[in-house]
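In my numbering, the protein residues as written are 152 to 422. Note that CB positions come from ideal geometry on N, CA and C, so glycine has one too.
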Ligand code: ATP
Ligand code: MG
């Protein structure tokens, strides 16, 4: 994530501010839809609640997600504006490592948004983007109207679909047509989170680099080992653990609000 503004390295909310800036710059360059700004705000709030770090359940979900992508016959990564604005390099890297093509699928379709997303991903090293207006498309009647057209080489024939930052309607639709759905969503109670097969309750800025790391480690694992990881994963239990982590985090704060008043020095980075 490269952004134009400079936030002091000792600023306690540096990462959050830089992430917000990447979304704003993505909006300026038409990558991010206006509704994407609001979706990001909801994500920020949940990140606060979970403690702005990758939890153990999120790590286990990331492992299961990568195992499912590596085992898939035809995995696909669906890309929207927010995901592209925040983690373009990692999307391209994960696509290469798991042999999952990237497919653009926009709720608020605009040709200039599609072009801006494509430009950004090409700059990140992507060779081919599925789902663009100049590609063949097939219509899946079960999908909601503005998402009905999918790429025959992408979601059209995919068995496993990674839909980072997706809305609940689309997740339910993809389940209705029997896809194995992996998602990244900071809200463990959203419909997206509860209808998916694997949900990473984590910020996409941490989740994608983690998936890339696991994909590098696991890409030569025997298939039985990957199968075991998926079979040992239960999404409902994992979501329940994420909700408990939020409750425990809030409980700790309720017991000692003064712990939030850290001195500025606590955040100073060693020089
Ligand atoms: P649903 O439609 O699934 O019930 P929702 O209405 O909350 O859920 P949206 O309106 O699409 O879904 O809101 C965006 C979702 O994306 C939110 O759940 C938010 O927590 C999540 N989100 C936003 N930014 C990020 C991010 N950077 N990383 C992970 N999740 C994010
Ligand atoms: Mg929604």
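Burial state of residue i, where buried means 16 or more other Cβ atoms lie within 10 Å
i	result
residue 357	buried
residue 344	buried
residue 405	exposed
residue 398	exposed
residue 375	exposed
residue 173	buried
residue 241	buried
residue 313	buried
residue 229	buried
residue 382	exposed
residue 199	exposed
residue 156	exposed
residue 163	exposed
residue 265	buried
residue 189	exposed
Beta-carbon proximity list for residue i, same chain, < 8 Å, skipping 5 on both sides
i	result
residue 420	Reliability of the predicted coordinates at residue 420 is poor, the pLDDT of 48 falling under 50, and no value is obtained from them.
residue 367	248
residue 165	158, 159
residue 204	357
Cut-off 7 Å between Cβ atoms - residues of its own chain near residue i, not counting five sequence neighbours on either side
i	result
residue 362	213, 216, 217, 245
residue 169	152, 154, 158
residue 280	253, 255, 269, 272
residue 348	331, 332, 333, 386
residue 260	297
Sub-9 Å separation of residue i and residue j beta-carbons
i	j	result
residue 350	residue 335	yes
residue 331	residue 219	yes
residue 393	residue 360	no
residue 355	residue 211	no
residue 324	residue 294	yes
residue 181	residue 263	yes
residue 258	residue 342	no
residue 176	residue 236	yes
residue 194	residue 337	yes
residue 409	residue 403	no
residue 311	residue 251	yes
residue 309	residue 226	yes
One or two residues paired with residue i in a DSSP bridge
i	result
residue 300	290
residue 253	228, 280
residue 205	Partner(s): none; residue 205 has no beta bridge.
residue 349	333
residue 311	226, 331
Same chain, Cβ closer than 6 Å to residue i, neighbours up to 5 away in sequence not counted
i	result
residue 222	377
residue 346	322, 323, 326
residue 412	none
Closer than 9 Å to chain C by CB, residue i
i	result
residue 228	No chain C appears in the structure shown, which is made up of a single protein chain.
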